[in-house]
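J.: Numbering (mature numbering (1 follows the signal peptide of the UniProt record, and there is no 0)), first residue to last: -26 to -1, 1 to 338.
We put the beta carbon where it would ideally sit given N, CA and C, even for glycine.
#1: Distance, Cα to Cα, residue 236 vs residue 11?
#2: Please classify residue 164: does DSSP put it in a helix, a strand, or coil?
#3: Under the three-state reduction of DSSP, which class applies to residue 27: helix, strand or coil?
#4: Quick check on the DSSP output: the alpha helix (DSSP H) that includes residue 194 runs from which residue to which?
#5: What's the gap between the Cα of residue 56 and the Cα of residue 222?
#6: Would the stretch 235 to 250 and the stretch 197 to 210 be scored as touching if the rule is three or more Cβ pairs under 8 angstroms?
#7: When you compare only the Cα positions, how much space is there between residue 312 and residue 27?
#8: Quick one, are the C-beta atoms of residue 315 and residue 296 less than 9 angstroms apart?
#9: In three-state terms, what does DSSP make of residue -5?
#10: In angstroms with no decimal places, state the Cα-to-Cα distance between residue 340 and residue 118.
#11: Quick one: what's residue 325 bridged to in DSSP?
#12: Consult DSSP for residue 2 and reduce its assignment to one of helix, strand or coil.
#13: What three-state label does DSSP hand residue 45 in the structure shown?
#14: Among the candidates 76, 174, 33 and 15, whose CA atom is the shortest distance from the CA of residue 186?
#15: Taking the beta carbon of residue 16 as the centre, do at least 16 other beta carbons fall within 10 Å, making it buried, or is it exposed?
#16: Compare the Cα-Cα distances from residue 256 to each of 77, 215 and 157 and report the closest residue.
#17: Quick check on DSSP: helix, strand or coil for residue 10?
#18: Exposed or buried, which one is residue 65 when buried takes at least 16 other CB atoms within 10 Å?
#19: Nearest CA to the CA of residue 352: which residue from 42, 328, 29 and 321?
#20: Less than 8 angstroms between C-beta atoms, sequence neighbours within five positions excluded: which residues of the same chain meet that for residue 319?
#21: Can residue 208 and residue 250 be called in contact, C-beta distance under 9 angstroms?
#22: Beta carbon of residue 51, beta carbon of residue 164: below 9 angstroms?
#23: Please go through the same chain and pick out, in chain order, the residues whose beta-carbon is closer than 7 angstroms to the beta-carbon of residue 70, but skip the five residues on each side of it.
#24: When you compare the CB of residue 91 with every CB in chain B, is at least one pair closer than 9 angstroms?
#25: I need the DSSP call for residue 248, collapsed to helix, strand or coil.
#26: On the DSSP bridge list, what partners appear for residue 115?
#27: Take the Cβ of residue 130 as the centre, count every other Cβ of all protein chains shown within 10 Å, and call the residue buried at 16 or more, exposed below.
#28: Excluding the five sequence neighbours on either side, which residues of its own chain have a C-beta within less than 6 angstroms of the C-beta of residue -19, listed in chain order?
#29: Roughly how many whole angstroms lie between the Cα atoms of residue 120 and residue 37?
#30: Nearest to residue 231 by alpha carbon, out of 292, 190 and 90?
#31: Helix, strand or coil for residue 231 per DSSP?
#32: Confirm, please, whether the CB-CB distance from residue 184 to residue 137 is below 9 angstroms.
#33: How should residue 178 be labelled, buried or exposed, when 16 other C-beta atoms within 10 angstroms of its C-beta is the threshold for buried?
#34: If you measure between the beta carbons of residue 182 and residue 68, is that distance less than 9 angstroms?
#35: Going by beta carbon distance, what residues of the same chain come within less than 6 angstroms of residue 156, once the five residues before and after it are set aside?
#36: Measure the alpha-carbon distance for residue 108 versus residue 101 and round it to whole angstroms.
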């Protein structure tokens, strides 16, 4: 039989009483915690600073065409240089006219010789035909005369075609400007043997100008179609101009991870000449690009949302707000719709919140 002292009995009894009181104490603690505003980490939704970067570029002609001769020959003169303005009908380059004239003379001589052979073959055929009617010539002779007549007639026809080609080449010995424009580049030097259709120089329309910039792949994924840009001239005192995205190259430069953008300038002044160096930045005021950390996204993949911070009756609480997501940029994601810039959004602990739950004050 085990004897228990009074002190021991009181100790055991106290433990029992304490043990019986634990569940009630836990409930009181849980109630107190539920009344305590939950601390969270948040940030105000704003335009992503990445889109505020400036990108270097150059002004190019919007309508660029390569000019070429329609005939082959040796380039005799090239009367324009890169950057020069030209007018419609102005002679830009010429081929060696002496060589072209010689080609015409050679072709004319070939026609005369071929025609003489054709005439002689025809007379030979007529003579053999007369002899055959008198039973003096043989069938083999008339067949040979006929074949010779046909062959020489074909040679004469070919020679006349060569003459027409030489005469046409002589007429196309000058390369003229099809319209007013600016010469962008010259690709050959005098003395070079050029072929038909091979570009000799590039000319651009002076009125149609665009800015060419290269941007990171991550930036290209964020900006919307027809995005607005602000283009700034490198010279001091020249005002900036507005531009609109017209084309994004479909293939990225894998070595630099960049994409080329073409921006159409809107009413640019004369200072923005073709070849001018510029810098361009995305006009976030026209269409702000807002991002949040991926940790701020709650809900499900099919129905994503964020916890928006609202205030009422002097307290702060969270409200679940559905959003539409865009491209991911590193550890952040673009918010395309659902919340406006300036809204406070919870960015950490989003999976532990409940709609309407009170949260603590934002600390500076």
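T.: Let me lay it out:
#1: 52 angstroms
#2: coil
#3: coil
#4: 191 to 196
#5: 27 angstroms
#6: yes
#7: 26 angstroms
#8: no
#9: Reliability of the predicted coordinates at residue -5 is poor, the pLDDT of 45 falling under 50, and the value obtained from them is presented with this limitation in mind. DSSP places residue -5 in helix when its eight states are reduced to three.
#10: Nothing can be reported for residue 340, as the shown portion of the chain is limited to -26 through 338.
#11: In the DSSP output, where bridge partners are listed per residue, residue 325 has none listed.
#12: Any reading at residue 2 must be qualified, since the residue scores a pLDDT of 49, below 50, and its modelled position is unreliable; no value is offered.
#13: coil
#14: 33
#15: buried
#16: 215
#17: coil
#18: exposed
#19: Outside the displayed range of the chain (-26 to 338) lies residue 352, so it cannot be described from this structure.
#20: 16, 17, 18, 19, 266, 270, 280, 281, 282, 283 and 313
#21: yes
#22: yes
#23: 47, 48 and 50
#24: Of the protein chains in this structure there is only one, and it is not chain B.
#25: coil
#26: Answer is none; residue 115 lacks a bridge partner.
#27: buried
#28: Any reading at residue -19 must be qualified, since the residue scores a pLDDT of 36, below 50, and its modelled position is unreliable; no value is offered.
#29: 58 angstroms
#30: 190
#31: coil
#32: no
#33: buried
#34: no
#35: 59, 178, 180 and 248
#36: 11 angstroms
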